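These notes are about the structure you will find just below.
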Amino acid sequence: MSDYAIQTHHLTRYFGAKRVVFDLNLGVPCGSIFGFLGRNGSGKTTTLRMVLGLLSPTWGSSSILGHDSQSLPPHIRARIGYLAEGHPVHGWMRVRDAQAYQKRLYPRWNDDLFRSVLEFFRVDPKTRARNMSRGERAGLCLAMTLAPEPDLLILDDPAIGLDPVARRSLLESMVYATRRADRTIIFSSHLLADIERMADHIAVLDYSILRAQCSLETFRSCVQQFVLRFEGPPPELPPIRGVIQCVPRQSEIRLTLVNVTGQTRALLENLGAVRIDEIPISLEDSFVSYLGGTLENVRLPETPKVAELAGGVA
Amino acid sequence: MISIFLRELRENLKWAAVIFGVLLVMVLHELRDPPTMLLFDLPQRYTLWLGPIAGLLMGVVQVLFETRPDNWGFVVHRPVPRAGIFLAKCAAGLLLLYAALALPCLVAVISAARPGRLAIPFQGRMVFPMLADVLNAGCYYFAGMVLTLRKARWLGTRLLPLGVPLASSAIAIMFIAPFWQALLVILIVQAIGAAAAWGVFADNGAAERRVATRFALGAMVYAGAIGMAIGLVGFSQGFTPGGRWQYYQVDRDGNVVLITQTIQHGERGWAFTDPAGRPLPQYDRVDLDDPAYANQFLRFNARLVDRESIPWPITVLYTSAGYRSPMPGLIPLRAVAPAGVRLRFSAVYDIPQRAIDLFDPVTRMPIGLVGPAGFSPPDQPPIERFAGTPLLPFLQGGSHVLAFDSIVYWIELDHRRVRPVFVPQPDDPVFSAAEVGPAIDSKILIATTHRLHLLERSGQLVWSAPLDQDPMRCNFDAALLPANRHLVLRTFSNPGTKPYCNVVSEYSVDGMLLHQVELPRLTDFRSPKKIETMAFGAIFPVAARAICPSWILDEVLDVKTEEFSNFFDEFMWSSAILCAILTLLIARRCGMGWSKTIAWSSANLLLGPAGVATMLALYDWPARERCVACGRSRLAARRDCSHCGAPLASAPQDGREIFEPAEAFGLHGAALPVA
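Chains S and G are the protein sequences, given in the same order.
Residues 1 to 314 in my numbering are what the first sequence spells out, letter by letter.
Residues 315 to 989 in my numbering are what the second sequence spells out, letter by letter.
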């Protein structure tokens, strides 16, 4: 038995001329809660679909629970809970219809778990899915995903479109689901607060390419922000390895860097700054800087003065 | 799987109810005052088009939910094989579709089978047309699934899979006589549709993994491409500004007239010459659109054909010999009483019973049977039955002549009897007989294998003359000249037979052959059909040329491939060679291996432009990018460069990478994949 619930090898997918996932080598450790991060269109959903055998890769391979993704037998699928993006559910079904339908399909169906998740989301069992609010539908979908007692839970952007209360409920349900130590959860999200609260490991996709795979702590420690203050206008920066964001201002440069080494620090000190401050950075800021694009040597426009504005209006 | 089947049933019940309701309303409307041929009229009026619409609707709505990839993932990510999910879905869909269509039809059948509902005897074969339509809906059901799920442009190839069910309808309805053959065609088309639907369902619209399903999808797309090409060629002819056509007529004096009709900018004109091309001044002012000239030419109202000589598909197209026609079981008899005599019953020839059934038109109850020995009441079997199936039942309606190969009868149903008028020699059986001349003073024209016999209605022989044409190669039209009662016989070669024959013969009142004119074949190179035929040649597959005779194409598609065969073949071969070259280029562009390239090129040499369209529909146009090793354009979706063989470089690193060793994950002895 592999130590990884999910493994991919050079997984690549093209849609026509568009490269969506490229040369992805990913390992999701068994028993981990794995946050899958990336901007819209970075290839998270495509990766999850390929891993589940719902989409064939252009090349490369993947395995899930030790089986080739493209030929998953039914008993392995029974061990994988998948909550697709957008919380799909048959609209005509009432909650009890959905329960009865799912129960017949899954051998390890847990009625109590199903009911408790629904109660947590305050879903009326008589309601039809099409008449539910987004939060209620998310609750129903999550209940349907958790009740089969899966060994591996794959949640594709589960909190999308939910209000903060529903999102919190969803996360708490997921926490409930992690009570089993041997259960692996992989979920993709844009919401860093959710990742921070839930995940112990993360992977970051940056436009089809895997840029990071590490524990949350490692990621946090690897992304650092410095403010370099100068007496006059800041100089042109030489190429510095690991710069992910550079915001020049009148007499300072705010630099966000990854994998800062002693060599990097020495390079910064030689820039002629009168003062170098390392400032704390939140995970969300780290992530935004990490994936938000490099603004190297880009000066933000000066804020117009009030008098100029008034003159313009006059 | 059962739970998926039940869910599909529940989910799509409403659509089945709509189909059922619509058809039931139509059937009940017809049942208020049912036509005599109710069970043949219902398919023609309703199930023929409602079946396909219902099938298409059910196929589309059943997979509409799965068109979104997330929903599709939700449906197929189950501890059930994907094939099982598809089977359950199809089983539920087809069950609902067939039930929704069959139950109203069953109401019609039960009603028709009750005595007193229809003035004809009920026969089991009457359910075949409706049964075929109901089953044919399944072909559209799978096509609906394919065109909904398949990822293609709506204005591109997405609708082309409809070609196969449309072809199936055309074949099963228009070209096939026995019901079992129609059933076979429907089952084959359903199997193709099911395989293609399975392919697109299993691959979420791509149909890229399984060879058999890809082949089935290709067959569906190809049929659609061919159908669309034929439609476009036919449609383009609507824009032809004018044209010229030539044909022969016989005037009321028995002279052959060659008519040249021209249409220029909507204006029609005619030129009249003799067969040698000499103008006929007496026709200078004749306008054939003017009703005053409606009787300018002789009307041939009697046709003599040997049924053994009629080739397929003429048998189905024009002789009502198919399972959708009442003819193979029943022959409605019309004009069976002398002028001025009103019959108080309707009559049909019951082929299985070999007797004429009489029905009360008001109560629609049987009155009795007429056989060769006369009338018998309905509760008694006929004293004697007829010899078998009448010759050419499709020509019988409206005629008093009831012909068998061993005897010919004159029908006198006003006396509830038939009267034998002619018994042939045993070695010279009758192959056809007809009533010829005006209704009030008609005669009986009987053709045996070697002779032609003209009889009075009483059965008295007027004359008998040798028939110098082979009835297995020719068919005959006959008329009496109004002035002198001479018989004019036009002899045509049967479709597909050679040499060409078009002869006009005139017989005197005592059966002497007065003169015979052999008419040359008309080939008018200014006919608009020439361009249409050439255009049709450009789209016609070479593979079909060997198996589909020209005359069938001419009959079915209304072109002139026999007449302009050289042009047709030149265009067909030129197009085929172009298609093969184009396929070669496309295949190389797609990065196919040489064996696959040659296979596709050879196939498209035989399949023509529709084959190229199919190929483009099955393969995505390949994306290309520059190879970092050799700098040439390489296929993006292939790991190794097709020019230099260098593998694609790994994902570029920009210094931002954060990867932890496996130990940091608490995994001992396991290597974490490294990007």
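Virtual Cβ for every residue (Gly too), placed ideally from N, Cα, C.
Remember, it's a predicted structure, so these values are computed and weren't measured experimentally.
Query                                                                                                          : Result
Within 7 Å of chain G by C-beta, residues of the region 86-117 of chain S in sequence order                    : Gly86, Pro88, His90, Trp92, Tyr101, Arg104, Leu105 and Tyr106
Burial state of glycine 327/S (16 or more Cβ within 10 Å)                                                      : An answer regarding residue 327/S cannot be provided, because it is not within the stretch 1 to 314 covered by chain S.
Cross-strand partners of tryptophan 59/S (DSSP beta bridge)                                                    : Thr12/S
Three-way DSSP call (helix, strand, coil) for isoleucine 150/S in this model                                   : Correcting the residue identity first, residue 150/S is proline in this sequence and not isoleucine. Coil at proline 150/S, not helix or strand.
Identity of the residues DSSP links to threonine 305/G by a beta bridge                                        : Since the first and last residues shown for chain G are 315 and 989, residue 305/G lies out of range.
CB contact below 9 Å: tryptophan 996/G versus chain S                                                          : No answer is possible for residue 996/G: the residues shown for chain G start at 315 and end at 989.
Under 9 Å between C-beta atoms of proline 282/G and threonine 763/G                                            : As displayed, chain G neither begins before 315 nor continues past 989, which places residue 282/G out of reach and without an answer.
Aspartate 604/G to glutamine 610/G span [Cα, whole Å]                                                          : 11 Å
Under the three-state DSSP convention, the category cysteine 246/S falls into                                  : strand
Secondary structure of glutamate 876/G, DSSP reduced to three states                                           : coil
CB-CB length for leucine 683/G against proline 696/G, believed under 8 Å                                       : 5 Å
Beta-carbon proximity list for glycine 556/G, same chain, < 6 Å, skipping 5 on both sides                      : Ile577 and Gln578
Residue-level contact to chain S via CB, leucine 469/G, 9 Å cutoff                                             : no
Closer than 8 Å at the beta carbon, the chain G residues around leucine 52/S                                   : Gly387 and His391
Proximal chain G residues relative to valine 258/S, where beta-carbon distance stays under 9 Å                 : Gly969, Arg970, Glu971 and Ile972
C-beta neighbour in chain G for leucine 210/S, strict 9 Å                                                      : yes
Top-ranked residue by Cα proximity to glutamate 344/G, from Val421/G, Leu899/G and Leu370/G                    : Val421/G
Listed by chain order, chain S residues near glutamate 322/G by CB distance under 8 Å                          : Result: empty, since nearest Cβ-Cβ is about 10 Å, beyond 8 Å.
9 Å Cβ cutoff, cysteine 246/S in contact with chain G                                                          : no
Alanine 726/G in three-state terms, based on DSSP                                                              : The identity of residue 726/G in the sequence shown is glutamate, whereas the question assumes alanine. Strand at glutamate 726/G.
Proximal residues to asparagine 518/G (C-beta, below 7 Å), its chain only, five neighbours per side dropped    : Pro383 and Trp386
Where histidine 75/S meets chain G, residues with beta-carbon distance less than 7 Å                           : Pro393
Assigned secondary structure, glutamate 85/S (DSSP; H/G/I helix, E/B strand, else coil)                        : coil
Spatial distance of phenylalanine 689/G from alanine 747/G (CA atoms)                                          : 24 Å
Short CB-CB distance (under 9 Å) between threonine 47/S and chain G                                            : no
For threonine 127/S, three-class secondary structure by DSSP                                                   : coil
Amino acids of chain G, ordered along the chain, whose beta-carbon sits closer than 9 Å to that of serine 56/S : Asp517, Ala520, Glu522 and Arg523
Expected contact under 8 Å - CB spacing of alanine 481/G and glycine 541/G to nearest Å                        : 7 Å
Distance CB(isoleucine 76/S)-CB(isoleucine 6/S) smaller than 9 Å                                               : no
Interface residues of chain G facing arginine 39/S [CB-CB closer than 8 Å]                                     : Near arginine 39/S there are no residues of chain G at all, since even the closest Cβ is about 14 Å away, more than 8 Å.
Three-state secondary structure assigned by DSSP to isoleucine 697/G                                           : coil
Close Cβ partners of arginine 952/G (< 7 Å) along its chain, the five nearest in sequence each way excluded    : Gly905
Residue of Ala84/S, Asp182/S and Ile209/S minimising C-alpha distance to histidine 9/S                         : Ile209/S
Local conformation of valine 830/G per DSSP, three classes                                                     : The sequence as given places glutamine at residue 830/G; valine does not occur at that position. Glutamine 830/G falls in the strand class under three-state DSSP.
Contacts of arginine 903/G in chain S (Cβ-Cβ under 7 Å)                                                        : Going along chain S, no residue has its Cβ under 7 Å from arginine 903/G, so there is no contact; the nearest lies around 13 Å.
Three-state class that DSSP yields for glutamine 376/G in the structure shown                                  : helix
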